[in-house]
Each structure stands twice: as structure tokens, then as C-alpha cells.
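Below is one structure, written out as C-alpha cells; comments come after it.
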Amino acid sequence: MELTSSNLILFLSVGVALLVGLGIYFLINSKKHIPSQELNFVGTDSKESIDICSENIRSDFENVLDQFDELELTQRIYQLLVVEEIYLQQGLTVGEFAKKLGVQARIVTEILNKLYGHSFKELTNMYRVEYAKEKIEEGFLDLYTVEALGNEAGFSSRTTFFNVFKREIGVCPSEFWKNYLAEAA
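Offset between the sequence shown (1-based) and our numbering: plus 121.
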């Protein structure tokens, strides 16, 4: 897929949104309230106070590391989905996707739900439909069948392609094509 201006704008918008979101997240989490009992070293065992502080520091450090890992994972997810267009691979499962990322499928599911509010299957189907729309607008159906378009977009069956396309766009692929041709004329 060539990097068009709309794709570049989308890429930059997603990147800025992620950075702003993570900045807000760090800002909120950095202002944690420390209970007064942890600050009151007078009358307590100093070793116990040091242990409490050490545990808090360790916990905060681990949280920061987790957040950086999540940011890196988010960037790798974007790389696979948008840049490498892995969604075009027929039969792609969340397990295979997670394996390419080097994490468990559960983690991918959590991140996708958190970032996009969609499951892996929903998200890949959305990307596939958008790809199919672009191909229709580029004239793909002038030379090939709707079924061939569904296969190229990563759908495993004609029925799934038609159903998902209609659910996302409101019309089936052939109707979208006819409408596009009528608008272009």
C-alpha cells in the first residue's frame, strides 16, 4: 500500500493521539497520594519505613516499565496492521498475530480493546473492508470479480466478505461499486 496523504494524516493522528493519551496517563498516575503513615518516620522502625518506601518505589518503577512496554507494543501493532497490512492474510488469528508480536494472545486482546474498543476479529475486518473500498475506488472490479476482491482483502469466504462489508458500509460490495460509478459519472 502506498503512503497516500490520507494514510499519512491517519498515521500522524493516531501517533499524536497515542502520545497525548499516554502523557495524560503518566500525569494522572504520577500524582499518587502517599498516605501520611508512610511519611511519618518518627516513632516507627526505620527499617520498616525504608522497606515501605522501597516497595513503593519498586512498584512505581514496575508500573512505568509496563507502560513503556505497552507503548512499544502499540507501535508494533500499528506497524503490523497499517504498514505491513497483515490483515490481508487469510485465516489470520489473534494467536498468530500475538506470536508475531512476541506476546500472549490475551495481551493483544486487552490492548486492542483498550485502544480501539474492538476485538481482533472486528478490527481486522474493519481494515479489510477499508482496503476493499479503496480497491473498488481504484477500479479493481473493472477487471476482477467481487469474490476475488474479498480474497485479496483477506476474507476466507465470499459470504463473510459480503456480510462484513454490508454491516460496515451499509451496502454489499457490488452495490457500493455501482454507487461509486454513478457518483463518479
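Just so you know, even glycine gets a beta-carbon here, dropped at the ideal spot from N, CA and C. Small disclaimer: the values here were computed from a predicted structure and weren't measured.
- Counting along the chain, the unbroken alpha helix (DSSP H) around S295 starts and ends at 294–305.
- Three or more beta-carbon pairs drawn from the segment 210–221 and the segment 274–292 are found closer than 8 Å, and the two stretches are therefore classed as touching.
- With fewer than 16 other Cβ atoms inside 10 Å of its own Cβ, L302 counts as exposed.
- If only uninterrupted alpha helix (DSSP H) runs of at least 4 residues are considered, those enclosed by the segment 174–255 are 215–222, 226–237.
- For G275, there is no enclosing alpha helix (DSSP H), since its DSSP letter is neither H nor E.
- Within the same chain, Cβ atoms closer than 8 Å to the Cβ of E258 are found at Y301, the five residues on either side in sequence being excluded.
- For T280, the enclosing alpha helix (DSSP H) starts and ends at 279–290.
- The criterion of a C-beta distance shorter than 9 Å is satisfied by L202 and L244.
- Between V229 and F241, the beta carbon gap of about 7 Å places them in contact (Cβ cut-off 8 Å).
- Around V285, the same chain offers N246, R249, V250, F276 as residues with beta carbons nearer than 8 Å, after the five sequence neighbours per side are excluded.
- In its chain, beyond the 5 residues on either side, T195 have a beta carbon closer than 7 Å to the beta carbon of L236.
- In the three-state reduction of the DSSP assignment, E259 falls in the coil class.
- Closest in alpha carbon position to Y252, among L270, T266, Y265, G238, is L270.
- A distance below 6 Å between beta-carbons, with the five flanking residues on each side excluded, links E289 to the following residues of its chain, in chain order: V250.
- Comparing C-alpha distances from D263 to each of K287, K299, V215 shows the shortest one belongs to K299.
- Per the coordinates, the alpha-carbon of K220 lies some 8 Å from the alpha-carbon of A226.
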